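One structure below.
Residue numbers (my numbering): 398 to 960.
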């Protein structure tokens with residue numbers, strides 16, 4: 398066994414750690430489980446620009462109370478350096494295993510460091526943490542969640558006083574502070590959460606959830622239309638923290654026929670009826686579609702465990718149910734928002750991996766459109782920039798099913814996105830249209846855009862090396878020709894030649910409006926490929942041709958990369 402790995406592991410069997418942690422690591426040492434020990438100790442779990450995310454368990458490369466304490470101490474030190482101790486930190490959590498424990502540990506560290514804490518007693522969606530930071534004028538915020546990852550994961554998202562996740566210069570400065578906390582004896586913490594609650598610096602802040610609901614009702618374009626609509630909405634929180642607030646908002650804006658899938662309605666970090674709680678995944682949406690068919694719902698909408706993303710399936714004109722991808726959901730929301738008079742000073746913000754269709758829609762409607770790197774923190778930074786220039790925010794979105802329709806929140810918001818999508822279904826039903834008919838109309842207006850994604854998951858240290866090798870090879874040897882289409886341009890976001898910050902992303906443009914993007918995930922051990930193509934179409938047959946050609950191109954590209 399690697400002696401360095403063994404030494405690190407043995408440190409976790411000392412009395413500095415609790416008995417359960419000692420036993421967990423001792424068992425791996427005694428059974429000589431080298432592969433597991435290596436994965437747990439080959440690195441310190443990385444504090445990225447959005448915080449921590451990883452597998453739960455004992456070890457330096459795992460989510461546990463010791464790493465939460467160290468990271469929170471780094472946050473505390475940075476807040477003091479920025480003079481924000483009195484402003485304080487908002488702490489929220491989702492339904493995941495250990496989320497409550499991690500939230501309490503963070504509070505104990507912050508209170509011991511004389512920093513005000515605003516703590517959500519109940520589960521709290523990520524967008525409400527963002528909203529609360531701005532309302533309370535807090536210096537920072539923490540959300541204990543791993544978003545849509547599998548049940549084995551948890552995470553620790555960090556937000557700054559603007560309500561967005563950390564952006565320059567605070568991201569790198571915060572990371573530097575966290576790296577200084579290299580031993581547990583540098584952490585100042587209370588022994589028990591109950592001692593934190595007794596402090597005059599500690600405040601519960603659940604009342605702000607009602608403030609959010611009041612605010613979110615103003616996002617509706619036509620509450621009267623919602624109240625008169627007979628559409629049947631099926632919703633699922635996928636065992637997450639949207640379980641109360643999302644149905645409540647739908648009813649507040651007027652919808653009467655709202656049903657929640659019973660066996661996915663209870664918060665549960667084991668996700669028993671939703672094994673992979675990701676509304677981007679067709680497998681996660683399948684039970685909801687089956688339930689929607691049973692009750693004849695007009696639309697089925699699901700939010701992920703921290704309620705910042707949505708997935709949508711709708712009833713078509715033939716009575717079947719179709720899933721929408723993230724680009725289509727965003728396209729339909731944007732199109733609905735444009736049904737009202739929108740000033741030409743309005744703007745839409747998206748990312749470099751989102752469908753080019755959104756740019757075309759914005760430009761044809763004479764709106765300002767800008768793109769950022771992947772990640773909603775970059776969208777939020779651009780929102781602030783454009784607001785400062787006098788423009789009016791209309792919509793922010795990313796293809797990974799994240800949407801924002803209000804500048805009062807600086808993160809993606811699955812709660813309000815659920816409400817606005819239900820509203821657009823009601824709007825078009827009142828006109829006698831199903832969404833498949835609307836999509837065909839929009840194809841004729843803008844052209845048919847086909848997008849898809851292919852992800853490869855490779856865990857562990859070997860995965861990091863393999864993913865880096867794939868990116869290096871693709872940069873050095875991009876396929877010069879796919880089918881009969883030649884490579885026109887490659888854009889490397891690590892080269893420093895673009896207007897955006899450096900990022901490990903490669904964009905390949907081929908003839909006939911074909912675009913392929915490769916990027917490693919920032920939150921999971923996977924590499925993602927995004928495929929986009931489009932054609933100017935005016936009939937269902939032409940749409941089918943674009944779809945078929947897209948699938949062929951995707952297959953050939955992956956074959957060339959031996960993936």
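C-beta atoms are modelled at their ideal positions from N, C-alpha and C, and glycine is treated no differently. This one's a predicted model, so the numbers in the text were calculated from it and none came from an experiment.
For the pair residue 924 and residue 867, the CB atoms are nearer than the 7 Å cut-off. Annotation: the continuous beta strand (DSSP E) that includes residue 748 extends over 743-748.
It is roughly 45 Å from the alpha-carbon of residue 922 to the alpha-carbon of residue 827. The three-state reading of DSSP puts residue 853 in strand, counting E and B together. In the three-state DSSP reduction, residue 554 falls in the strand class (E or B). Nearest C-alpha to residue 420 among 431, 432, 406: 406.
The DSSP assignment places 523-533 as complete runs of the alpha helix (DSSP H) inside the stretch 522-549, in order along the chain (cut-off: 4 residues). In the pairwise beta carbon analysis, the stretch 571-588 is classified as not touching the stretch 700-714: fewer than three pairs are separated by under 8 Å. For residue 615 against residue 815, the beta-carbon gap comes to about 16 Å, at or over 8 Å, which does not count as contact. Using a Cβ distance threshold of 7 Å, residue 871 and residue 907 do not count as a contacting pair. The beta strand (DSSP E) runs lying completely inside the stretch 874-902 and spanning 3 residues or more are 882-889, given in chain order. Counting other Cβ atoms within 10 Å of its Cβ, residue 598 reaches 16 or more and is therefore classed as buried. Residues of the same chain with a CB within less than 6 Å of the CB of residue 713, apart from the 5 flanking positions on each side, are 719, 831, 833 in chain order.
For residue 601, the closest C-alpha among the options 500, 664, 631 is that of 500. Remark: fewer than three beta-carbon pairs, one from each stretch, lie closer than 8 Å, so the stretch 872-880 and the stretch 843-855 are not flagged as touching.
For residue 932, the CB contacts under 7 Å within the same chain, skipping 5 residues up- and downstream, are 844, 845, 939, 943 in chain order. Positions of the beta strand (DSSP E) runs, each at least 3 residues long and wholly inside the stretch 643-699, are given as 654-657 in order along the chain.
DSSP links residue 917 through a beta bridge to 924. For residue 633, DSSP records a beta bridge to 699. The Cβ neighbour count for residue 664, taken over all protein chains shown within 10 Å, is at least 16; the residue is labelled buried. The Cβ atoms of residue 677 and residue 798 lie closer than 7 Å to each other. Listed in chain order, the alpha helix (DSSP H) runs fully inside the stretch 597-634 are 605-614, 620-625, counting runs of at least 4 residues.
Residue environment for residue 436: buried (at least 16 other C-beta atoms within 10 angstroms of its C-beta). If you draw a straight line from the Cα of residue 523 to the Cα of residue 951, it comes to about 34 Å. Just so you know, the alpha carbons of residue 901 and residue 596 end up roughly 44 Å apart. Counting along the chain, residue 815 sits inside the alpha helix (DSSP H) bounded by residues 811-827. Taking C-beta atoms under 8 Å as the contact rule, residue 553 and residue 539 qualify, at a distance of about 6 Å. Here residue 750 is buried. Its C-beta has 16 or more other C-beta atoms within 10 Å.
With contacts defined as CB atoms closer than 7 Å, residue 529 and residue 486 fail to qualify as a contacting pair. Taking C-beta atoms as the reference points, residue 915 and residue 926 count as a pair closer than 7 Å. As the crow flies, the alpha-carbon of residue 519 is around 31 Å from that of residue 791.
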